[in-house]
Amino acid sequence: MGLLQTALGVIYPPSCSLCEAEVDTTGGLCGACWVEARFLDGCLCGLCGVPLPGENAEDGLRCDDCLSIVRPWTKGRSAMIYAGAARQMVLRLKHGDRLDLVRPAAQWMARAAEGVMPVDPLLVPVPLHWTRLIARRYNQAALLAREVGRIAGAEVAPMALRRIRRTPKQERTTLADRFETMSGAISADPVHGAVMQGRNVVLIDDVMTSGATLSACADACLSARAADVRVVTLARVVKDA
1 MGLLQTALGV IYPPSCSLCE AEVDTTGGLC GACWVEARFL DGCLCGLCGV PLPGENAEDG
61 LRCDDCLSIV RPWTKGRSAM IYAGAARQMV LRLKHGDRLD LVRPAAQWMA RAAEGVMPVD
121 PLLVPVPLHW TRLIARRYNQ AALLAREVGR IAGAEVAPMA LRRIRRTPKQ ERTTLADRFE
181 TMSGAISADP VHGAVMQGRN VVLIDDVMTS GATLSACADA CLSARAADVR VVTLARVVKD
241 A
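Per the UniProt record's numbering, the sequence shown runs over residues 1 to 241.
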């Protein structure tokens, strides 16, 4: 098997996950794309993961948004800022059928989640409405959750939540409108949601923008008697990024 992999590596050398330039390892980024990928570390908001002024990471730090918006979860992290390479990765995974991006994305998410992952976590992906799931053929959040779960050795409940109604795209809506649109749009699944009772739930999604979708999911988890809810996403939208 080792000889076969070596031969395949010579014939089909590993390429950058985004631009297809030759790289050393499968699933990696080339130097140019790596520079463009803005990974989040250092001083971050403890609830949503946006970068904050300062150098030292401390528990309890909050950004302005998280001081003014009630977050129904206790901790949150994202791997990257939603710009440049991270934005390309999210869009290609979500709309371009680039399922090969799941593994590297999940590796970065698992690394980012190390500081917020609770004991005995239950990973729950943000659900798609069934009409969008049929059109897209897969839920990228569920794929990310499965791979993060494999890496972290954590249980995954891909059907614990369901989207009750189809919500419109919210790119150009106000913050208040986003939260109003998502209010009551997600609930625990009547069959599979019971698994969340008494568990430390970690919500998994590709991007956090306002947090409205994750808030609706967290409310549903708590209504299903989850003991605690935390959030982990691949990318975080940051103002002026």
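Glycine included, C-beta positions come from ideal geometry on N, C-alpha and C.
Since the structure is predicted, the reported quantities are computational estimates derived from the model, not experimental observations.
Looking at residue j and residue i, is the spacing between their C-beta atoms short of 7 Å?
| i | j | result |
| --- | --- | --- |
| Leu229 | Trp73 | First, the amino acid is wrong: residue 229 is Val here, not Leu. Against a cut-off of 7 Å, the Cβ pair of Trp73 and Val229 comes out as a contact. |
| Ala212 | Arg172 | no |
| Ala141 | Ile204 | yes |
| Arg199 | Ala226 | yes |
| Ala224 | Gly184 | no |
| Gly76 | Val202 | no |
| Pro118 | Ala154 | no |
| Ala157 | Val195 | yes |
| Ala79 | Leu234 | yes |
| Val191 | Thr209 | no |
| Cys30 | Val23 | yes |
| Asp189 | Ala152 | no |
I'd like the span of the alpha helix (DSSP H) that includes residue i, first residue to last.
| i | result |
| --- | --- |
| Ala110 | 102-113 |
| Ala218 | 212-223 |
On a CA-only basis, which of the options is nearest residue i? Give me that one, please.
| i | options | result |
| --- | --- | --- |
| Gly42 | Leu61, Asp24, Pro13 | Leu61 |
| Ala112 | Phe39, Met182, Met159 | Phe39 |
| His95 | Arg136, Ala235, Lys75, Val23 | Arg136 |
| Ile69 | Leu47, Tyr138, Pro53 | Leu47 |
| Arg162 | Ser210, Leu93, Pro127 | Pro127 |
| Ala83 | Leu93, Ser15, Val202, Glu36 | Glu36 |
| Met109 | Asp120, Ile81, Pro53, Gly54 | Ile81 |
| Ser17 | Val119, Val116, Asp100 | Asp100 |
| Asp44 | Trp34, Asp64, Leu29, Ile151 | Before going on, a small fix: residue 44 reads as Leu here, not Asp. It is Asp64 whose Cα lies nearest to the Cα of Leu44. |
| Val124 | Cys217, Ile151, Ile164, Leu52 | Cys217 |
| Cys66 | Val191, Glu180, Leu175, Asp189 | Leu175 |
| Asn139 | Arg98, Asp59, Pro14 | Arg98 |
| Gln197 | Thr181, Met182, Leu222 | Leu222 |
If you follow the beta strand (DSSP E) that residue i is part of, which residue opens it and which one closes it?
| i | result |
| --- | --- |
| Leu203 | 200-208 |
| Val231 | 228-236 |
Tell me whether residue i, by its Cβ, gets closer than 6 Å to a heavy atom of the ligand MN.
| i | result |
| --- | --- |
| Asp206 | Ligands are entirely absent from the displayed structure, and the ligand MN is therefore not among its contents. |
Check your understanding: Which parts of the segment 121-198 are runs of the alpha helix (DSSP H), unbroken and 4 residues or longer, counting only runs that do not cross its ends?
Key -> 130-136, 140-152, 175-182
Exercise for review: Would you mind listing the alpha helix (DSSP H) stretches within the UniProt domain "Double zinc ribbon" (8-67) that are 4+ residues and don't spill past its ends, in chain order?
Suggested key: 31-36
Practice item. Specify whether the segment 123-132 and the segment 79-92 touch according to this definition: at least 3 beta carbon pairs, one from each stretch, less than 8 Å apart. Key: no
Point to revise | Three CB pairs or more closer than 8 Å across the segment 101-110 and the segment 141-159 | key: yes
Check your understanding: Which residue spans inside the segment 70-104 form an unbroken beta strand (DSSP E) run of at least 3?
Key -> 75-81
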